[in-house]
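> In our numbering, the protein residues as written are 139 to 289. Sharing a structure below in C-alpha cells format, with a few things to ask.
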C-alpha cells in the first residue's frame, strides 16, 4: 500500500475528500440525467426532420422546398445536440474520474488509520460507506472504517 502522510489522516482533510467524492458523484448523476434529456430531444428532432422530408416527397412542388428547408434546419439542430452530447459525455467521464480518485484516496487513508489503530471519527463512517459503494470504486478496497479503529 502507498505510504500515507500523517496529514492525510487529519479528520478535516478526510472529510473534505469524502465530500469531494460525494459532490462529484452528485454532479455526475445530474450530468447523466441531462445527457438522457439531450438524447431524447435529439431523437425527437430527428423524427421531425424525417417527417418533414417525407412531407416534402408527398407535397406539391411549391411546398416541397419549405419542407426540405425545415428538415435541413432540424438536422442541423440534431447535429448541434450531438456535439453537446459528446461534450457532456466527456464531462461525465472527467467527473467520474475525479470522484473515483477522491474515493480511493479517502479509502486508502481510512484503511491506514484503522491499520495503525486510530479511532475513525463517527462522522466519517457514513462517508466511508457511501464512497465504497461508488460505481467506480475498486471492489477489492471496499471495507468499512469500523474494521479495526473504532472503539
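Virtual Cβ for every residue (Gly too), placed ideally from N, Cα, C.
#1: Quick check: residue 240 and residue 158, are their CB atoms within less than 7 angstroms of each other?
#2: Rank 257, 192, 176, 188 by C-alpha distance to the C-alpha of residue 225 and give the top, closest one.
#3: Buried or exposed, going by whether 16 or more other CB atoms sit within 10 Å of the CB of residue 304?
#4: Measure the Cβ-Cβ separation of residue 212 and residue 186 and say whether it is below 7 angstroms.
#5: Does DSSP put residue 165 in a helix, a strand or coil?
#6: Between the segment 217–237 and the segment 193–202, are three or more C-beta pairs nearer than 8 angstroms?
#7: Quick check on residue 183: buried or exposed, where buried means 16 or more other Cβ atoms within 10 Å of its Cβ?
#8: Out of curiosity, what's the CA-to-CA distance linking residue 181 and residue 222?
#9: Give the secondary structure of residue 255 by DSSP, where H, G and I count as helix, E and B as strand, and everything else as coil.
#10: Within a Cβ cutoff of 7 angstroms, which residues of the same chain sit near residue 165, ignoring the five residues on either side of it in sequence?
#11: With distances taken Cα to Cα, identify the nearest neighbour of residue 152 among 216, 169, 248, 256.
#12: Threshold first: 4 residues or longer. Then list the alpha helix (DSSP H) segments lying entirely within the segment 196–257, N to C.
#13: Could you round the C-beta distance between residue 150 and residue 229 to whole angstroms and report it? I think they count as a contact, below 8 angstroms.
#14: Count the other CB atoms, across all protein chains shown, that sit within 10 Å of the CB of residue 196; report buried if there are 16 or more and exposed otherwise.
Let me spell this out:
#1: Numbered from its first residue, the chain shown carries residue 240 at position 102. Numbered from its first residue, the chain shown carries residue 158 at position 20. In contact: residue 240 and residue 158 (Cβ atoms closer than 7 angstroms).
#2: Position 87 of the chain shown, counting from 1, holds the residue named residue 225. Comparing Cα positions, the closest option is 176.
#3: Past the edges of the chain, shown from 139 to 289, lies residue 304, and the structure says nothing about it.
#4: On the chain shown, residue 212 is found 74 positions in, with the first residue counted as 1. On the chain shown, residue 186 is found 48 positions in, with the first residue counted as 1. Yes. Within cutoff.
#5: Sequence index remark: in the chain shown, residue 165 carries index 27 (1-based). Looking at residue 165 - three-state DSSP - the assignment turns out to be helix.
#6: no
#7: Taking the first residue of the chain shown as 1, we reach residue 183 at position 45. Buried is the call here.
#8: Translated into positions along the chain shown, residue 181 becomes position 43. Translated into positions along the chain shown, residue 222 becomes position 84. Taking the straight line joining both Cα atoms gives about 14 angstroms.
#9: Working through the chain shown from its first residue, we reach residue 255 at position 117. Here residue 255 sits in coil by DSSP.
#10: The residue you call residue 165 lines up with position 27 of the chain shown. Taken in chain order, the residues that qualify are 233.
#11: The count along the chain shown starts at 1 and reaches residue 152 at position 14. Minimum Cα distance to residue 152 is reached at 248.
#12: 199–253
#13: Taking the chain shown and counting its residues from 1, the one referred to as residue 150 is at position 12. Taking the chain shown and counting its residues from 1, the one referred to as residue 229 is at position 91. Not quite, the Cβ-Cβ distance comes to about 29 angstroms (not below 8 angstroms), so this is no contact.
#14: Counting from one through the chain shown, the residue named residue 196 turns up at place 58. Exposed, by the Cβ-count rule.
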